[in-house]
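Q: Below are the structure tokens for one structure; questions will follow.
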RNA sequence: CCGCCUGUAGCUCAGCUGGAUAGAGCAACGGACUUCUAAUCCGUAGGUCAGAGGUUCGAGUCCUCUCAGGCGGGCCA
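Residue numbers (the numbering used here): 2 to 723.
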């Protein structure tokens, strides 16, 4: 915070001087951070371009301004350097003291931001590609909250799509030996296999993540189904049947009843009841959702509400959006041509789509069903508080509690089942509400969705604009990121571990990376990878601990390190670059990695432990500020202090650009500066009281800073020991 | 064909309102552990910032073109 303020004040003072001295107005004065400290702490290169206008040398302009500007009190001195840079040197001790005092609370804005992320199809286990979405989304949420914004986290559940239907097709129609193989058991009659599947659905709670959960069964069933479709026409026909049943709904049928019905149909050789199929699909979807929540809980990712597609369908969200679009003249019914009988939205008016061959987007098919984009428009309108009934009231969901959860620290795992926080889900009964909670109606909406969805996302945004809500369209932000792919080496590693072959061609294996695919079963499951990471971390801890000295809290430490490694891996790479996943790189704990950062924080804290034991001193306390000597901080200590002061600027910049590699770079800088100081500025053996006090103060500042950036912003736990 | 993204050290990547000497990590080589725990640090070596033009006092960063790779442009979701 201090640096932001000083920057703003200095810029304002400079602008005033420019006005007074040269009668010149500049409204966007930006002070940058020079490449090294000899060039000062802040710099303004603005005199250079003014040289031509004023017909004076840039140095002369800079000198005049340096002289005449009424600099804020934190500026110690000003120098002119190079061709005409204005370099500002801060009063180190003043800034240092301000930071040690602690910053004032950030202000709240009073308007709600919605972040939608995760959105995993509930038909298979989460893989590491999904983790990129969730981690980026979660960091965005954390950064927004850090700046004082109210944030609502939504995780959209597509419980009525073909993907869930495919798993149900597998359970009901996959040849028994294939289904049994997917379940990892001896082949049996279908009614017994159904029993087995239903037994694996698990209780109606969020379980602890493991690699034998229902999502892992789904992971096995799903590719077998999609592989059989092209080979077996009758089997392929089951997809439409099941999908139809799922869309019709189960009409409140009990799961036991549905299972009884399905098994009865097998024995009697009758066709399955549609309602029973729908009920099974619902159970499959929610069981997978609970598994996904458990996986994300390991990483400390939580949500506020789970909007369900089935509720969007049943509550007529699309019907309302359809009416609104028709009233606004945004869509039209085609009466001839290739889109005959479809309702389309014309994008021809929008410059972005003007060059397209066919600027019309179909929202309602000729058979009367709505496309995915149509549903998404309705959902987006609801998120923005723009979906209204004819009487002007908001068209809303019903809500009920899905689970409650607790988290013991900002970067600790989320624990479901009991706790203060409510995770809500939507329901189709609009009368149902949760006391004290409202959802949707956000001012700004971030949709964290991979870059391949850019086109439909633009269409959704354009629909909002065409409906006359230009500013809401501008505040509908697609947070796009590139996919996570696998290196050929990673593919071979998975094949080795799992003992199966994905049958990829030499051509595919020769590429730099291979795309993950749930349909083909190619991917690294998130839970599986977290397990591997934890095991590797445990090995590293044990190895470093020396002879048989295994700590009691080994699992806890290993978990912290694995989460740190993974979250940092996701945060440090810029979002519009494919993340080619490589086991060796992901399992590295040295260098520019999460554990390196964690280690620096742990190391700082250990100094205070040692100080306490040997000298009765610990962390620097605020009451000691007055005891700090008046001597200036040396350059290397100051570099660390200045980096600490930059946090607010960095977080704001990261949010503005949706680029968390900036935050990663900041925290890596901090850790690196600290590690260098660690060797040159010992505290415990230092006999000079003043020197020791100053170092304690700097390292305390650093430790606190790391705690905030790692835990609060990046969700990376700082363990007690490593 | 049109649109978006990417191309920076051997490898993986930072470099984000155009600024001063292009930075990390890994790999390589040479050093520092009876120490505030070496998951660390210090040093050496490694670059026509894909290529060519342009704008600018100044370009890895902005514009144009070319080349290479990726992804979109479904009455799939």
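Glycine included, each C-beta is placed from N, C-alpha and C at the ideal position.
All of these numbers come straight from a predicted model, not from anything done at the bench.
Does the region 393-412 come within contact of the region 426-435, defined as at least 3 CB pairs closer than 8 Å?
A: These segments touch.
Q: Express the C-alpha separation of residue 167 and residue 223 in angstroms, rounding to a whole number.
A: To locate residue 223, count along the first chain from 1; it is residue 222. To locate residue 167, count along the first chain from 1; it is residue 166. Residue 223 and residue 167: Cα-Cα distance of roughly 7 Å.
Q: Relative to the C-alpha of residue 461, which candidate in 44, 37, 384 and 280 has its C-alpha closest?
A: In the first chain, residue 461 corresponds to position 460, counting from 1. The residue with the shortest Cα to Cα distance from residue 461 is 384.
Q: Determine the closest residue to residue 570 out of 664, 318 and 69, with distance taken between C-alpha atoms.
A: As a first step, residue 570 must be located in the first chain, where it is residue number 569. Closest option to residue 570, Cα to Cα, is 664.
Q: From the DSSP output, read off the bridge partner residues of residue 362.
A: The residue given as residue 362 occupies position 361 in the first chain. Answer by DSSP bridge pairing, in chain order: 346.
Q: DSSP three-state call for residue 45: helix, strand or coil?
A: Stepping through the first chain from its first residue, residue 45 is reached at position 44. Three-state DSSP puts residue 45 in a strand.
Q: Determine, using beta carbons only, whether residue 496 and residue 578 come nearer to each other than 9 Å.
A: Position 495 of the first chain, counted from the first residue, corresponds to residue 496. Position 577 of the first chain, counted from the first residue, corresponds to residue 578. No, the Cβ-Cβ distance between residue 496 and residue 578 is not below 9 Å.
Q: Residue 544 by DSSP, collapsed to three states: which one?
A: If you number the first chain from 1, residue 544 lands on position 543. Helix, per DSSP.
Q: Let me check understanding here. Comparing Cα to Cα, which of 123, 479, 66 and 341 lies closest to residue 216?
A: Position 215 of the first chain, counted from the start, is the residue given in the question as residue 216. Nearest option by C-alpha distance: 123.
Q: Mapping the DSSP letters down to three states, classify residue 574 as helix, strand or coil.
A: Here residue 574 is taken as the residue at index 573 of the first chain, counted from 1. In the structure shown, residue 574 sits in coil (DSSP, three-state: anything other than H, G, I, E or B).
Q: Opposite residue 158 in the DSSP bridges: which residues?
A: As a first step, residue 158 is located in the first chain; it is residue number 157 there, counting from the start. Looking at the DSSP assignment, residue 158 forms a beta bridge with 309.
Q: Please report the straight-line C-alpha distance between residue 117 and residue 160, rounded to a whole angstrom.
A: Here residue 117 refers to the residue found at position 116 when the first chain is read from its first residue. Here residue 160 refers to the residue found at position 159 when the first chain is read from its first residue. Going by the C-alpha atoms only, they are around 16 Å apart.
Q: Output the distance between the C-alpha atoms of residue 341 and residue 334, rounded to the nearest integer angstrom.
A: Taking the first residue of the first chain as 1, we reach residue 341 at position 340. Taking the first residue of the first chain as 1, we reach residue 334 at position 333. For residue 341 and residue 334, the distance between alpha carbons rounds to 8 Å.
Q: According to the Cβ coordinates, are residue 195 and residue 264 closer than 9 Å?
A: Taking the first chain and counting its residues from 1, one reaches residue 195 at position 194. Taking the first chain and counting its residues from 1, one reaches residue 264 at position 263. Cβ distance < 9 Å, so residue 195 and residue 264 count as in contact.
Q: Could you check how far apart the C-beta atoms of residue 114 and residue 134 are, in whole angstroms? I think they sit under 8 Å.
A: Start at 1 with the first residue of the first chain, and residue 114 comes out as number 113. Start at 1 with the first residue of the first chain, and residue 134 comes out as number 133. That pair is no contact at about 18 Å.
Q: With C-beta atoms as the reference, is residue 250 less than 9 Å away from residue 309?
A: The count along the first chain starts at 1 and reaches residue 250 at position 249. The count along the first chain starts at 1 and reaches residue 309 at position 308. No, the Cβ-Cβ distance between residue 250 and residue 309 is not below 9 Å.
Q: So what's residue 207 in DSSP terms, helix, strand or just coil?
A: On the first chain, residue 207 is found 206 positions in, with the first residue counted as 1. Coil.
Q: Given a threshold of 16 other Cβ atoms within 10 Å of its Cβ, counted over all protein chains shown, does residue 574 qualify as buried or as exposed?
A: Counting from 1 along the first chain, the entry for residue 574 is found at position 573. The residue is buried, with at least 16 neighbouring Cβ atoms inside 10 Å.
Q: Quick one, are the C-beta atoms of residue 564 and residue 718 less than 9 Å apart?
A: As a first step, residue 564 must be located in the first chain, where it is residue number 563. As a first step, residue 718 must be located in the first chain, where it is residue number 717. Their beta carbons are under 9 Å apart, which means residue 564 touches residue 718 by this criterion.
Q: Within a Cβ cutoff of 8 Å, which residues of the same chain sit near residue 708, ignoring the five residues on either side of it in sequence?
A: As a working mapping, residue 708 is identified with position 707 in the first chain. Excluding residues within five positions, the ones whose Cβ falls inside 8 Å are 602 and 719.
Q: Hey, could you find the ends of the beta strand (DSSP E) residue 478 is sitting in?
A: Locating residue 478 in the first chain gives position 477, where the first residue counts as 1. Counting along the chain, the beta strand (DSSP E) containing residue 478 begins and ends at 477-482.
Q: Quick check: the Cα distance between residue 256 and residue 236, rounded to an integer number of angstroms?
A: Against the first chain, residue 256 aligns to sequence position 255. Against the first chain, residue 236 aligns to sequence position 235. Cα-Cα distance, rounded: 25 Å.
Q: According to DSSP, is residue 395 helix, strand or coil?
A: What you label residue 395 is simply residue 394 of the first chain in a count that begins at 1. Three-state DSSP puts residue 395 in a strand.
Q: Between which residues of its own chain and residue 20 is the CB-CB distance below 8 Å, once the five residues before and five after are set aside?
A: Counted from its first residue, the first chain places residue 20 at position 19. 26, listed in sequence order.
Q: Where DSSP assigns a beta bridge to residue 82, which residues make up the other side?
A: For the purposes of this step, residue 82 is taken as the residue at position 81 of the first chain. BP columns for residue 82 point to 86.
Q: Could you tell me which of 390, 270 and 248 sits nearest to residue 192, measuring between CA atoms?
A: Position 191 of the first chain, counted from the first residue, corresponds to residue 192. Comparing Cα-Cα distances from residue 192 to each of 390, 270 and 248, the minimum goes to 270.
Q: Could you work out which residue in 126, 121 and 140 is closest to residue 220 when comparing CA atoms only?
A: Reading the first chain from its first residue, position 219 is the one you call residue 220. Of the candidates 126, 121 and 140, the one whose C-alpha sits nearest the C-alpha of residue 220 is 126.
Q: Could you tell me the alpha carbon to alpha carbon distance between residue 560 and residue 81, rounded to whole angstroms?
A: Looking up residue 560 in the first chain gives position 559. Looking up residue 81 in the first chain gives position 80. Rounded to whole angstroms, residue 560 to residue 81 spans 51 Å at the Cα level.
Q: At 4 residues or longer, what runs of the alpha helix (DSSP H) sit wholly inside the region 589-640?
A: The region 589-640 contains these whole alpha helix (DSSP H) runs: 595-616.
Q: Measure how close the beta-carbons of residue 716 and residue 146 come, nearest whole angstrom, since I'm counting them as under 8 Å.
A: Start at 1 with the first residue of the first chain, and residue 716 comes out as number 715. Start at 1 with the first residue of the first chain, and residue 146 comes out as number 145. Residue 716 to residue 146, Cβ: 12 Å. No contact.
Q: What does DSSP give as the partner residues of residue 669 in its beta bridges?
A: In the first chain, residue 669 corresponds to position 668, counting from 1. Residue 669 pairs with nothing; no bridge assigned.
Q: Using only the alpha-carbon positions, how far apart do residue 405 and residue 431 sit?
A: By one-based count along the first chain, residue 405 stands at place 404. By one-based count along the first chain, residue 431 stands at place 430. Taking the straight line joining both Cα atoms gives about 21 Å.
Q: Pull up the CB-CB distance for residue 650 and residue 4, whole angstroms please, since I reckon it's below 8 Å.
A: By one-based count along the first chain, residue 650 stands at place 649. By one-based count along the first chain, residue 4 stands at place 3. At roughly 6 Å, the Cβ-Cβ gap stays under 8 Å, so residue 650 and residue 4 are in contact.
Q: Using the Cα positions of residue 593 and residue 566, report the straight-line distance between them to the nearest angstrom.
A: Here residue 593 refers to the residue found at position 592 when the first chain is read from its first residue. Here residue 566 refers to the residue found at position 565 when the first chain is read from its first residue. Approximately 10 Å, taken between the alpha carbons.
Q: State buried or exposed for residue 153, treating a residue as buried only when at least 16 other CB atoms are found within 10 Å of its CB.
A: Start at 1 with the first residue of the first chain, and residue 153 comes out as number 152. Counting Cβ neighbours within 10 Å, residue 153 comes out buried, since at least 16 surround it.
Q: Using a 10 Å radius around the Cβ and a threshold of 16 neighbouring Cβ atoms, would you call residue 526 buried or exposed?
A: Along the first chain, read from residue 1 onward, the residue named residue 526 stands at position 525. Classification of residue 526: buried, given that the 10 Å Cβ count is 16 or more.
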